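Remarks on the structure that follows.
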Amino acid sequence: MSELKDMTMKSFKSICLALALAGASITPALAAGAGPSPERQSWTFAGPFGQFDRGQVQRGFKVYREVCAACHSINLMSFRNLAEPGGPEFSQAQVKALAAEYKIKDFDDKGEPVERDGRPADRFPKLFANADAAAATHGAAPPDLSVMAKARSYSRGFPMFVFDAFPGIAYQEHGVDYLVALLNGYTKADDPNWNAYYPGNMIKMANPLSDGQVEYGDGAPQTVVQYARDVSAFLMWTAEPKLEARKRTGLNVMLFLFVFVGLLYFTKKRIWADAH
Amino acid sequence: MSGPSTFVPQSALGRWFESRLPIGGLVHSSFIAYPTPRNLNYFWTFGAILSFMLVAQIITGIVLAMHYTPHVDHAFQSVEHIMRDVNWGWFMRYSHANGASMFFIAVYIHMFRGLYYGSYKAPREVLWILGVVIFLVMMATAFMGYVLPWGQMSFWGATVITNLFSAIPLVGDAITTWLWGGYSVDNPTLNRFFALHYLMPFMLIGVVILHVWALHVSGQNNPTGVEVKNVQRDTLPFTPFATVKDSFALVMFLIFFSWWIFYVPNYLGHADNYIEANPLVTPAHIVPEWYFLPFYAILRAIPSKLGGVIAMFGSIAILAFLPWLDTSKVRSANYRPVYRVFFIVFVLTCIGLGYLGAMPAEGGYVLASRLLTLYYFGFFLVILPLLGLYETTKPLPATIADSVLPQGGAKLQPAE
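Taken in sequence, the protein lines are chains C and L. So the first sequence is numbered by the working numbering: it starts at 527 and just counts up by one. So the second sequence is numbered by the working numbering: it starts at 1182 and just counts up by one.
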């Protein structure tokens, strides 16, 4: 493998150079072999009948907005998505008011650049013009979080990875569990950039969460553990906004196919009765 | 097996049309009257399942192509647009992505079935070789399809695989540049991969038609490997017998397929492919899709780049010579006790190579890959040629009917 990669690299001298310079920015999605495995969380959206916990996703959005959004965009999401079924399901009025708090870059009817109030149909705005600008501000470009819950994973090794696909014991929440672990992984008080779960342990993002930082209106505990779970659940929704529709459709499809296959079985038996 | 059609349409209009274009007779002789061996087991339903999968991939693929943008700046976003904003887009994409895996699961079962029951032997050599061509085109199609979402694995997988061609002496670099349409995997590469990914399934349809044609000339092999001797006794008409059995098997397969689409849609993918392609950041492990892993392991097992490339392509090309490498007169492994053991070890070897293909190429993994690669080629080049000369086979049943019908009281369903 490494040999093959070397050969690949040979024809990419400039990339080699860039890699050497930016060695620290190599962020493998698979945290295989890098420290402890994330703890498996219990989620309402796991399993064949899984659905998001509205309260949790709403709280998660609040954490995102008040903490993460300072550096991380969710550019694949539109404001209107927040009111759609299967997510936090805020009211239309809430979403309209929320969108209006954002300034969106646009052009007026004379072609002049303007900043106008956001509308529900707008995307969440990008925070930086490009990755270079983001890196210049933060040291490393903070990645967009829209699909982050699916873009990270960890290896469970053989044979567990095989069982993860099995009905009844299926496990699909590696990414979101990794996010929870990561946000709780700042375990060295004297080093805010040391993380137990990040590959290589040194992460550019300093510990972003602290107890009591975000105010919840629904009585949920205002702790890092709770914030981490809530914002990760929210990011699972942004990564997979059609998760509930998919699982519901799956149930209907399965019911239909099981009835259909049963009818075919007896038809086949009848037709073949005299053939063997 | 299928002689001149005796099909006569019922209506006058049908007879008028049939005398000008006998398509009704073609369908009738191919899918209704076509005699199928009475003793086929469920491993023989994968041909129908594969036909279904090809059509399903084409239909979902065409819908996806209507919403996808093959440009390095938009490809990743357009796939997410499909997942979020296109009605039923998530269903189309998950069906298509998992459909590729289902296609390969079905084709591997189909191929191992052929290997076990000796379906490649005379007079089915051309049928088998057409199958190898289908497999190759399928692999090229799947590889190019995986590049389209333009995630990290898309980009780096494309980079590694296209770089293999640079191992060719003298002209390698020129070929690689030509394949890329530039000096690295970039927008021209993505564009041509999209064009070819759309084209190749239709080439597949063409080869599949030849494959089915060849099948209907020689007739199906069967679990005994004994040829049909008496059409009345040994076979059943395709419809209703094979039709209903294939339908049942297909719907069973659809239940399996649906589990992946609706409940574990990302299991067979790689998390890195939800990170947009970035030429400046190399993933820690570049791994191809699971169905390429055995071949990837063979590639990496050879300690020379050119040697690895030759071994990898050779591991597929060797299948085309199988009809002449296997010297045994007996087709079915049911009657070849020693071959049966070597066959089972061969299946385990392929699975083992698949596992090793996903592991880093270091330490014991490399040694294991080399041993299994040795067995892979040894199976075809040493075991199969010699075994046919020395193996003592079990006695074959006189006819297909004898192997399934109860002694004496056979109730016969004559083929039409």
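We treat Cβ as the ideally placed atom computed from N, Cα and C, and that holds for glycine. These numbers were taken from a predicted model, which means no experiment stands behind them.
Asked: Chain L within 7 Å of residue 550 of chain C, Cβ atoms only; Found: Since pLDDT at residue 550 of chain C reaches only 33, below the 50 mark, its modelled position is unreliable, and no value is offered.
Asked: CB contact check: residue 677 of chain C to chain L, cutoff 7 Å; Found: yes
Asked: Between the CA atoms of residue 1349 of chain L and residue 600 of chain C - distance to the nearest angstrom; Found: 45 Å
Asked: Residue 775 of chain C: contacting residues in chain L (beta-carbon distance under 8 Å); Found: 1272, 1443
Asked: Contact set for residue 554 of chain C: own chain, Cβ-Cβ below 6 Å, skip 5 residues either direction; Found: Caution applies to residue 554 of chain C, whose pLDDT of 40 falls short of 50 and renders its modelled position unreliable; the value that the coordinates give is listed next. If we look at residue 554 of chain C and ignore the five residues flanking it on each side, its Cβ neighbours are 725.
Asked: Within 7 Å of chain L by C-beta, residues of the segment 596-614 of chain C in sequence order; Found: 602
Asked: Any C-beta of chain L under 7 Å from that of residue 793 of chain C; Found: yes
Asked: Residue 1440 of chain L burial status per 10 Å Cβ neighbour count (16 or more: buried); Found: buried
Asked: Residue 751 of chain C classed as buried or exposed, judged by whether at least 16 other C-beta atoms fall within 10 angstroms; Found: exposed
Asked: Residue environment, residue 676 of chain C, which counts as buried when at least 16 other CB atoms sit within 10 Å; Found: buried
Asked: Contact between the segment 611-618 of chain C and the segment 654-669 of chain C (3+ Cβ pairs under 8 Å); Found: no
Asked: Near-chain C residues of the segment 1566-1586 of chain L - C-beta to any C-beta below 8 Å; Found: 1585, 1586
Asked: Proximal chain L residues relative to residue 664 of chain C, where beta-carbon distance stays under 8 Å; Found: Result: empty, since nearest Cβ-Cβ is about 16 Å, beyond 8 Å.
Asked: Contact residues within the segment 1470-1481 of chain L, judged by C-beta distance below 7 Å to chain C; Found: 1481
Asked: Residue 630 of chain C (DSSP reduced to helix, strand or coil); Found: strand
Asked: Buried versus exposed, by CB contacts within 10 Å (16 or more), residue 1413 of chain L; Found: exposed
Asked: Identified DSSP bridge partners for residue 1418 of chain L; Found: L:1216
Asked: Bridge partners - residue 640 of chain C, DSSP secondary structure assignment; Found: C:632
Asked: For residue 604 of chain C: DSSP bridge partner residues; Found: C:649
Asked: Beta-carbon neighbours of residue 797 of chain C, restricted to chain L and to distances below 7 Å; Found: 1421, 1422, 1425
Asked: Buried or exposed by the 16-neighbour rule on C-beta atoms within 10 Å, applied to residue 1192 of chain L; Found: exposed
Asked: Contact under 7 Å by Cβ, residue 1562 of chain L with residue 1549 of chain L; Found: no
Asked: Cutoff 7 Å: residue 785 of chain C Cβ touching any chain L Cβ; Found: no
Asked: Amino acids of chain L, ordered along the chain, whose beta-carbon sits closer than 7 Å to that of residue 779 of chain C; Found: 1439, 1443
Asked: Same chain, Cβ closer than 7 Å to residue 1416 of chain L, neighbours up to 5 away in sequence not counted; Found: 1216, 1217, 1218, 1219, 1409, 1596
Asked: Limits of the alpha helix (DSSP H) - the one that residue 1454 of chain L falls within; Found: Taken as a continuous stretch (DSSP letters only), residue 1454 of chain L belongs to no alpha helix (DSSP H), as it is neither H nor E.
Asked: Length of the line joining the Cα atoms of residue 1358 of chain L and residue 765 of chain C; Found: 36 Å
Asked: Unbroken alpha helix (DSSP H) run spanning residue 772 of chain C, endpoints; Found: 769-798
Asked: Closest by C-alpha distance to residue 1288 of chain L, when choosing among L:1312, L:1583, L:1269, L:1279; Found: L:1312
Asked: Beta-carbon neighbours of residue 1436 of chain L, restricted to chain C and to distances below 8 Å; Found: 780, 783, 784, 787
Asked: Inter-residue Cα distance where the pair is residue 784 of chain C and residue 797 of chain C; Found: 20 Å
Asked: Contact between the segment 1289-1307 of chain L and the segment 1385-1403 of chain L (3+ Cβ pairs under 8 Å); Found: yes
Asked: Beta-ladder partner(s) of residue 1332 of chain L, from DSSP; Found: L:1457
Asked: 7 Å Cβ cutoff, residue 702 of chain C in contact with chain L; Found: no
Asked: Counterpart residues of residue 1264 of chain L in DSSP-defined beta bridges; Found: Paired residue(s): none; residue 1264 of chain L is not in a bridge.
Asked: Runs of alpha helix (DSSP H) lying entirely within the segment 1341-1401 of chain L, each at least 4 residues, in chain order; Found: 1353-1361, 1368-1399
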